[in-house]
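Line order of the protein sequences matches chains R and D. All letters in the first sequence, in the order written, are residues 173 to 378 by my numbering. All letters in the second sequence, in the order written, are residues 1474 to 1648 by my numbering. Cβ coordinates follow ideal geometry from the N, Cα and C atoms, glycine included. Structure first, commentary second.
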Amino acid sequence: MAATFTRAARLRQWLGRPDSDPFLKECKWVFDKAFGSGQSVDEHVSSNNEPAHCRTQSIPPKLASLINDTRVHLAARYKDEEGIIYSRAATHVGNSLIMFYPDGNFKHTPVPGSIQYIIETPGKSSTVRFAVSCQLPAPPNSIDPFLPYVDFPGKIFSTELSPTLKIVQPDWVFAHYARWNIDAERAVVLTLSQVSQDTRSQNIFV
Amino acid sequence: MPQRKYGTPAVMERIREVIRDMDTPSWLRSVPRNFGLAAAGSIKADEWRALATVYLPVALVSIWGEGTNHGSKENEASLRQVLDHTMDLVCAISLACMNTMTPIRVASYRRYILSWVSKVRVLHPKSKLSLNYHMAIHICDFLQLYGPVRSWWCFPFERLIGYLQRLPHNHKAGV
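Here it is in C-alpha cells:
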C-alpha cells in the first residue's frame, strides 16, 4: 500500500510540473477531476491558458468571419441527446470526423469533414454549432480501389482539408467516419453509419 | 500443388498499420494493435466484427485492390479474385449488422453470402466447409423474420459467459 501511495504521489507530482507540455496539463485536469486534488478544477482551468473542457476564448479570425455573435464559448467536446460525443480535431481527431448534410439539405449526399471548433452560444436558448473543414476531393485521375464494392461504404478523398470553415448544426450530422491515409495524396473515408441514408426511400422491416 | 498462402508478413503488417494509424471515433471497438501475433491473444467476437467491417477491408483493398502492382498479370488477377471474394463476405457482414433492415438489404445479403460460400472451395481448395457456412445462408431468413441482427444476436450471452468465466470458483459443481 505504501508503495502504491508513493507511486501515485510521484505521478501527481510529475503531472503537476509547471514546465510539462500542454497535453500533460490536460491529462492532469482529467486526473484531478477523476481522483480529486487539493486544487479545484475550476481554479486550474482559469489559471491555465491551455484548452479546457469549455470556456470563453478569443474568437480565431477565420471563425469570426462566420459568426456574428462574439459572446460564445468554444468547447472541446459536445455530447448530443443520444450520448454521441463530438470533439474538435485538436482534442480527438477520430471524434471530430463527421459526415454531414451540406446546408442541412437531407436530399444531398453527406460529405466528410473534421470539426475544428465547437461553438456554444450561452443563454436561455443556448445553441451548439460546429465549424467544420471539409475533406477535399481526391486528386484528379487518382484511382479509387473501393469503387467496385458498392455495398462497402469506403471512398477515396484527398488527405488535405479545406482551408475554409463551414457551419454545421448537430442535427445535420449523419454519422462519424473513419479515416486512413493510403498514401501522401489519398485518404480512405469510411462511413460508420449503421443506418445508411438509402433507408429513407425503402420499406423498413424494423 | 501447395495452396497459396495469402496471410504473408507484408499483408499482416499492413493490417496492423491500418489498426495503428486509422483515425476512428472513440465508440468504435478497438482491436489489438499486434493483431496476428501470439501476444495479441484470442480475438473476441465484437473485435472480429470491427476487424471484418473496418480494418481488414481497408487494409486488403489498399494492398490488393485496383492500382496496386504485383509483378505479373496472373498474380494480380489471382489476388483480385481473392480480394473480391473476401469483399463479398465483408459486404454481407456490413449489411447484416445494419440497424435497419429492408427487403433490398436482405436480398443483397443473400446474394453476397451465396457468392462467398460458392467460391470458398474454388479459391481455397484445402478449406473445409463447416456447418457455419450453411448457417450463414439461413441468416437472411432470420433477417426477414426478426429484423436487424442487433435484436437477436448473441453478444449479451457472450458477455454473460465472460462474466461467469471470470467468477471465482473451486472447480467443484455447487448445489
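Setting aside the 5 residues that flank it on each side, residue 349/R is surrounded in the same chain by 269, 270, 271, 284, 361, 362, 363 and 364, each with a C-beta closer than 8 Å to its C-beta; the list follows chain order. Across the region 344 to 366 of chain R, CB contacts with chain D closer than 7 Å involve 348, 350, 351, 352, 354, 360, 362, 364 and 366, in sequence order along the chain. Taking a Cβ-Cβ cut-off of 9 Å, residue 285/R has no neighbours in chain D, whose nearest Cβ is about 13 Å from it. If only uninterrupted beta strand (DSSP E) runs of at least 3 residues are considered, those enclosed by the region 317 to 358 of chain R are 326 to 333, 338 to 340 and 345 to 353.
Of the candidates 201/R, 303/R, 289/R and 317/R, the residue whose Cα lies closest to the Cα of residue 1553/D is 317/R. Excluding its 5 nearest sequence neighbours in each direction, residue 328/R has C-beta neighbours in its own chain below 6 Å: 310, 316 and 358, listed in chain order.
Here DSSP, grouped into helix, strand and coil, assigns residue 1498/D to coil. The beta carbon of residue 233/R sits no closer than 8 Å to any beta carbon of chain D. In this structure, the alpha-carbon of residue 1561/D lies about 47 Å from that of residue 298/R. Under the three-state reduction of DSSP, residue 1618/D is assigned to helix. Annotated as distal: residue 302/R and residue 265/R, with beta-carbon spacing of 8 Å or more.
At least one C-beta of chain D is nearer than 8 Å to the C-beta of residue 265/R. Taking the Cα positions, residue 1526/D is about 40 Å away from residue 237/R. Residue-level contact by beta carbon fails for residue 294/R and chain D, as no gap is shorter than 8 Å. If only complete runs of 4 or more residues are kept, the region 1505 to 1552 of chain D shows the alpha helix (DSSP H) at 1518 to 1523 and 1529 to 1537, in order along the chain.
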